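Peer 1: One structure is given below, represented as structure tokens, and several questions about it will come after.
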Amino acid sequence: MRHPTLIAVSGPPGAGKTTLAHALADALGWPAVCRDEIKERMVAAGADPADHLDLKTLEAFFRTIGELVKSGTSLVAEAAFQDRLWRPGLEPLVDLAGIRVIRCVVDPECARVRITRRAAEVPSRAVHADADLLRRIAEGERPIESWVPIALDVPCLVVDTTQDWKPSLARIVEFATLTQQSTADDQSTITSTDNA
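Take 9 as the starting number for the sequence shown in this note's numbering and just add one per residue.
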């Protein structure tokens, strides 16, 4: 059986990862597994946000991804995927799926505006640390700029989400559906910020 494909949509807070992940999953006809949405569903089902929920969400996220991959299902997974915390969860899947990383980049001020807006307009965001993130930014910290990309030796496409998507969704879909042979033929990491 051909390995399924796992597209890991990554990036700092406010980079528009969830929006892109759902658009890509819809275009591909694949399921989308989004870390923040899992946490929101857990709280809606009665979980206590103070009860080590970030760790439980992380475990549920990778358990869901693992089950889908082992069943042969290709999917789009979305989370920050910052290297130290997330690479250990992805590494065991390298032999089970063709992993490709989409790295969202964004202007920090654009990200701050997005975080502020969603915190005010989306009630389910209350279970996340948006307020703390905005406080840190106001105090001069740089959590957007200090985000550390995941370090896996897999193909990677850089997408600037500041205004629209660069490259376009059509190019992102093309990247996501590269054949495994095409990926094997290109040993270098694929990166692009053009409008192709």
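All residues carry an ideal CB built from backbone N, CA and C; glycine is no exception. Small disclaimer: the values here were computed from a predicted structure and weren't measured.
#1: Note the first and the last residue of the continuous alpha helix (DSSP H) segment covering A87.
#2: For V135, which three-state DSSP category applies?
#3: Below 8 Å on the Cβ atoms is my guess for V17 versus E86; work out the distance and round it to an integer in Å.
#4: For a test of the three-state rule: what should DSSP assign to I158, helix, strand or coil?
#5: Contact between the stretch 27-46 and the stretch 64-76 is defined here as three or more beta-carbon pairs at a separation below 8 Å; is this criterion met?
#6: Put I152 into one of helix, strand or coil per three-state DSSP.
#7: Considering only their Cβ atoms, is the gap separating A105 from L14 smaller than 8 Å?
#8: Which runs of the alpha helix (DSSP H) spanning at least 4 residues fall entirely within the stretch 52-127, listed in chain order?
#9: If P175 sits next to G80, beta carbons under 8 Å apart, how far is it from one beta carbon to the other, in whole angstroms?
#10: To which residues of the same chain is L93 closer than 8 Å at the C-beta, ignoring the five residues directly before and after it?
#11: Using the three-state DSSP reduction, which class does V167 fall into: helix, strand or coil?
#12: Drop a sphere of 10 angstroms on the beta-carbon of E48, count the other beta-carbons inside from all chains shown, and report buried for 16 or more, exposed for fewer.
#13: When the Cα atoms are used, what is the spatial distance from P163 to L177?
#14: Report the rounded CA-to-CA distance for P21 versus W155, giving the unit in angstroms.
#15: Would you call L63 buried or exposed, if buried means 16 or more other Cβ atoms sit within 10 Å of its Cβ?
#16: Quick check on the burial criterion: 16 or more other C-beta atoms within 10 angstroms. Buried or exposed for G24?
#17: Please state if the CB of A184 and the CB of L249 are separated by a distance shorter than 8 Å.
#18: Considering only the alpha carbon of each residue, which of S132, D172, P151 lies closest to D140?
#19: Between the beta-carbon of D91 and the beta-carbon of A137, is there less than 8 Å?
#20: Using the three-state DSSP reduction, which class does L36 fall into: helix, strand or coil?
#21: Between E45, A53, D172, G19, which has its C-alpha nearest V130's C-alpha?
Peer 2: Considering the structure as presented:
#1: No alpha helix (DSSP H) holds A87; DSSP gives it neither H nor E.
#2: helix
#3: 4 Å
#4: Three-state result, I158: coil.
#5: yes
#6: Coil.
#7: yes
#8: The stretch 52-127 contains these whole alpha helix (DSSP H) runs: 61-78, 91-98.
#9: 29 Å between Cβ atoms; not a contact.
#10: L66
#11: When DSSP states are grouped into helix, strand and coil, V167 belongs to the strand group.
#12: buried
#13: 17 Å
#14: 9 Å
#15: exposed
#16: buried
#17: Any question about residue 249 goes unanswered here, given that the chain covers just 9 to 204.
#18: P151
#19: With contacts defined by Cβ atoms closer than 8 Å, D91 and A137 do not form a contacting pair.
#20: The answer is helix: DSSP assigns L36 an H, G or I state.
#21: E45
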